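The numbers in the UniProt record's numbering rise by one with no breaks, and the one at position 12 of the sequence shown is 12.
In what follows, a single structure is set out as structure tokens and then discussed.
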Amino acid sequence: MVTVLDLVNNRPKARHPEKAHRPDQEVLRKPDWIRVKAPTSKGYAETREIVKSHKLVTVCEEAGCPNIGECWDKKHATFMIMGEICTRACAFCNVATGIPTKLDANEPDSVAKAVKQMGLQHVVITSVDRDDLKDGGAEHFAEVIRAIRAATPQTTIEILTPDFLRKDGALEIVVAAKPDVFNHNLETVPSNYLTVRPGARYFHSIRLLQRVKELDPSIFTKSGIMVGLGEERHEVLQLMDDLRTANVDFMTIGQYLQPTKKHHPVKRFVTPEEFESYATVGKTKGFLLVASSPLTRSSHHAGDDFAKLRAAREAKLGLVAAE
Ligand code: SF4
């Protein structure tokens with residue numbers, strides 16, 4: 001596991017100290033199908049105000065997500081809990097690396113209040129990696145879920161978690177809190193792990209997803225990858241099979257975009273037609289749902305997709321019952 005600690009005090013903290021020594025990577029020009037408008041709408045400004053007033057962190061901002069204008073206009077934001085500093089240093093990620101801050105005991109309540117104020121039917125909660133905590137932050141995740149349930153019981157809850165690697169019992173704590181959707185992203189194909197996601201283990205992530213279903217089959221499971229990181233098509237198809245072996249319901253596939261020159265380069269821009277083809281293949285492999293497009297992100301359209309997931313499960317159960 002890679003845990004990077006920035007121990008030099010009294011100077012401005014670099015956002016990515018572990019990447020500072022790396023050579024600049026060539027930045028490819030984005031194709032037309034990737035371009036997005038700058039966020040300016042009234043809905044965007046209102047969401048921003050609610051996020052700031054509750055002192056919340058969002059992955060929408062931290063990851064520099066290209067969909068922020070569209071999502072925030074519709075009052076859909078993904079809250080990032082347990083601070084804005086991550087203990088890992090993945091080569092694709094724009095979240096800052098370093099020593100994380102102490103957990104905020106008021107955070108579950110603040111998130112729940114914001115969810116209520118925004119009137120969310122479906123909320124997505126994610127976090128930084130907290131390898132420094134004994135349970136990897138599992139109990140804090142559970143507290144956030146419970147606080148949202150208490151404040152606004154009709155809201156469905158989706159969590160996007162770290163891998164809780166070497167944190168025995170952590171997964172069980174989160175599953176017992178009964179989120180509606182448990183998402184854990186594989187991020188990329190196994191051959192890229194050493195360079196793209198060095199602190200993680202591919203088969204541990206697969207096993208984690210499988211274990212969620214074993215513990216509670218009623219929870220929808222979901223996982224996503226970025227493409228354009230140098231993967232081969234056959235590797236993506238193999239990864240789909242691995243996810244299906246773990247009984248994962250929903251897969252997302254989106255184009256990787258390079259946050260800075262120090263991050264992993266975009267190897268190529270995958271065409272919209274190739275994304276469609278991945279969606280077609282994924283559906284034939286048995287996922288209840290596959291979202292695959294250049295701007296697909298784990299939490300993009302998550303509320304609408306949750307409704308589709310429920311409908312797809314009901315249709316499948318109906319079919320099984322009718323046989
Ligand atoms: S896709 Fe997800 S991370 Fe991006 S702006 Fe929308 S909610 Fe935020």
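Just so you know, even glycine gets a beta-carbon here, dropped at the ideal spot from N, CA and C.
Model, not experiment: these values are computed from the prediction.
*Under a Cβ-count criterion, where at least 16 other Cβ atoms within 10 Å of its own Cβ denotes burial, should Phe-203 be classed as buried or exposed?*
exposed
_Beta carbon of Asn-77 nearer than 8 Å to that of Thr-47_ = According to the sequence provided, residue 77 is Ala. The question's Asn does not apply to it. Yes, they are a contact pair.
*Return the chain-ordered ranges of every alpha helix (DSSP H) run that is complete within the stretch 246-295 and spans a minimum of 4 residues.*
272-284
*Going by CA-CA distance only, name the one from Gly-43, Val-236 and Asp-249 that's closest to His-184.*
Asp-249
*Quick one: what's got a C-beta closer than 8 Å to Ala-20's C-beta in the same chain, skipping five residues either side?*
Here the set comprises Ala-14 and Lys-262.
*asked:* Taking the alpha helix (DSSP H) that Leu-171 belongs to, which residues open and close that run?
replied: Counting along the chain, the unbroken alpha helix (DSSP H) around Leu-171 starts and ends at 170-176.
*Please work out which residues of its chain come closer than 6 Å, Cβ to Cβ, to Ser-293, disregarding the five sequence neighbours upstream and downstream, and give them in chain order.*
Phe-275
*Which residues does DSSP pair with Leu-160 in a beta bridge?*
Partner(s): Thr-126 and Asn-183.
*For Asp-304, three-class secondary structure by DSSP*: Asp-304: helix per DSSP, three-state reduction.
*Between the beta-carbon of Asp-216 and the beta-carbon of Val-175, is there less than 8 Å?*
yes
*Would you check if the distance between the CB atom of Thr-161 and the CB atom of Leu-120 is smaller than 8 Å?*
no
*asked:* Between which residues of its own chain and Glu-235 is the CB-CB distance below 8 Å, once the five residues before and five after are set aside?
replied: Val-189, Pro-190 and Ser-191
*Excluding the 5 residues preceding and the 5 following Val-4 in the sequence, name in chain order all residues of the same chain whose CB lies nearer than 6 Å to its CB.*
Residue confidence for Val-4 is low, a pLDDT of 46 falling below 50, so the modelled location carries little weight; the figure read from the coordinates is stated next. Around Val-4: Glu-18, Ala-89 and Thr-97.
*Does the stretch 213-230 come close enough to the stretch 47-62 that 3 or more CB-CB pairs lie under 8 Å?*
Taking 8 Å as the limit for Cβ pairs, the verdict is that the stretch 213-230 does not touch the stretch 47-62.
*Opening and closing residue of the beta strand (DSSP E) in which Met-118 lies*: Element bounds for Met-118: not the beta strand (DSSP E) but the alpha helix (DSSP H), 107-118.
*Nonlocal neighbours in the same chain, by C-beta distance under 8 Å from Asp-304, ignoring five residues either side*: none
_I want to check one thing, is the minimum distance from the CB of Ile-192 to the heavy atoms of ligand 1 below 7 Å?_
According to the sequence as given, residue 192 is Asn; it is not Ile. Checking the Cβ of Asn-192 against ligand 1 gives no.
*Could you spell out where the alpha helix (DSSP H) holding Thr-195 opens and where it closes?*
193-196
*asked:* Per DSSP, what are the beta-bridge partners of Gly-224 in this structure?
replied: Under DSSP, Gly-224 forms a beta bridge with Thr-252.
*Using 7 Å as the cut-off, classify the Cβ of Cys-90 as near or not near the heavy atoms of ligand 1, replying yes or no.*
no
*asked:* Please determine whether the Cβ atom of His-76 lies at a distance below 7 Å from any heavy atom of ligand 1.
replied: yes
*When we look at the beta-carbon of Glu-187 and count the other beta-carbons within 10 Å, is it buried (16 or more) or exposed?*
buried
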